[in-house]
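One structure is given below, encoded as structure tokens.
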Amino acid sequence: MIGRFDLSPEVRASLPDFVLHPGVLDSAFQLFIPLLKQHAQEYEGLAFVPTQVGRIQVAVEHQAAAQY
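In our numbering, the protein residues as written are 3 to 70.
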């Protein structure tokens, strides 16, 4: 497991309005940060800012918490 995030009651209430909630997507991106540490020296001083996603496959509906 890389990480876990829990959704606030406000975000949970809005889940039916989205196929993929923007807050959930952002939280998932934050879980990549530990994976990037192995390359930290190569990219020292740079920010990780995703600018493009080639493809997203949604396998299950939103849940209140997730582990990756």
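Where a beta carbon is used, it is the ideal one built from N, C-alpha and C, also for glycine. Owing to the predicted nature of the structure, the values given are computational and were not obtained by experimental measurement.
| Item | Value |
| --- | --- |
| Taking 9 Å as the cut-off, decide whether the C-beta atoms of L33 and F50 are in contact. | no |
| The beta strand (DSSP E) spanning F7 covers which residue range? | R6 to D8 |
| Under a three-way DSSP split, which group does P18 fall into? | helix |
| Ignore the nearest five residues each way along the sequence and tell me which others in L22's own chain have a CB closer than 7 Å to its CB. | I58 and V60 |
| Using CA atoms only, rank isn't needed, just tell me which of F7, G25 and R6 is closest to V13. | G25 |
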